[in-house]
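Input: a single structure, listed below in structure tokens.
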Amino acid sequence: MEIIDSTFPPALAALVGIDFPWDHDEKSDGAAPTNIDYEPYAEFDSAERTADWIHAWTGNDELDGDAFRVFAQDGTGGLVASWLVRPGRPLTEQPVAFFGSEGEVGVVATDLGSFLWLLAGGVGPQEAVEFGEDTGVPHPELRAVAERYSGTEPRTPAEVLAAARAEFPDFAETVQSWCR
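For the sequence shown, the working numbering begins at 121 and goes up steadily by one.
Structure (structure tokens):
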């Protein structure tokens with residue numbers, strides 16, 4: 121695989137330090153709970169750590185993890201990563217995938233800009249993949265990050281997820297084919 125610049129994008133750096141809402145209970149006023157189980161990293165996982173993860177996750181020691189740049193996790197240990205499947209394209213134009221701690225997988229955005237709109241709309245990668253959520257409570261601070269760094273017009277979480285699923289409908293089967 122060709123070498124892709126693995127400099128941490130400013131859009132991901134902007135997520136560090138933001139308080140991601142986690143309120144599992146319905147509000148007293150009947151409003152929906154706000155849940156984004158997302159813990160951003162300040163840098164990508166190392167190549168060694170990524171290789172260890174993909175080996176453990178798939179049971180396949182032949183994989184080296186070079187196809188992923190892990191940049192976040194959820195509270196259960198699920199990981200969020202850029203999936204480097206578009207040769208010659210920058211990291212910001214690669215899809216974003218989620219690997220749950222219990223084997224759930226899915227592409228949650230076609231690129232980093234779309235991923236920012238997913239978060240801004242109040243849906244995290246775990247919530248989208250594990251629970252099928254495609255609506256959430258919009259988050260003003262995350263919207264400001266998306267407006268500044270996405271390079272696209274606003275999109276709803278449902279639009280972001282529909283585009284990702286349409287472009288990568290066989291992601292789960294692809295990942296399963298890597299497992300031993």
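Backbone N, C-alpha and C fix where the C-beta goes; we use that ideal spot for every residue, glycine too.
The structure displayed is predicted, hence computed values, not measured ones.
Close Cβ partners of residue i (< 7 angstroms) along its chain, the five nearest in sequence each way excluded
| i | result |
| --- | --- |
| D139 | none |
| R300 | T178, G179 and N180 |
| E250 | G220 and E224 |
| L135 | P160 and V265 |
| A229 | P215, V216, F235, L238, V280 and A284 |
| G241 | G256, P258, T276 and P277 |
Sequence-distant residues of its chain with Cβ nearer than 6 angstroms to residue i (five each side left out)
| i | result |
| --- | --- |
| D231 | E213 |
| V243 | E253, G256 and P277 |
| H175 | D181 |
| T272 | G233 |
Close Cβ partners of residue i (< 8 angstroms) along its chain, the five nearest in sequence each way excluded
| i | result |
| --- | --- |
| L204 | M121, I124, D186, A187, F188, R189, L211 and Q214 |
For residue j and residue i, the rounded distance between their alpha carbons
| i | j | result |
| --- | --- | --- |
| S126 | F164 | 8 angstroms |
| R169 | D194 | 17 angstroms |
| S270 | A283 | 16 angstroms |
| V280 | A171 | 28 angstroms |
| P274 | W237 | 7 angstroms |
| E287 | W298 | 20 angstroms |
| P160 | P258 | 18 angstroms |
| L199 | L239 | 15 angstroms |
| F235 | R285 | 13 angstroms |
| E267 | R206 | 24 angstroms |
| T294 | T196 | 23 angstroms |
| E182 | Q296 | 14 angstroms |
| P289 | G137 | 33 angstroms |
Proximity of residue i and residue j at Cβ, strictly below 9 angstroms
| i | j | result |
| --- | --- | --- |
| A167 | A133 | no |
| F291 | A217 | yes |
| A131 | G208 | no |
| W142 | N155 | yes |
| A192 | P129 | no |
Inter-residue CB distance, residue i and residue j (contact presumed, cutoff 8 angstroms)
| i | j | result |
| --- | --- | --- |
| Y157 | E247 | Note that residue 157 is Asp in the sequence shown, not Tyr. With 8 angstroms as the limit, D157 and E247 qualify as a contact, their Cβ atoms being about 7 angstroms apart. |
>> Does the contact criterion of 3 or more C-beta pairs under 8 angstroms hold for the segment 253–265 versus the segment 216–230?
In response: no
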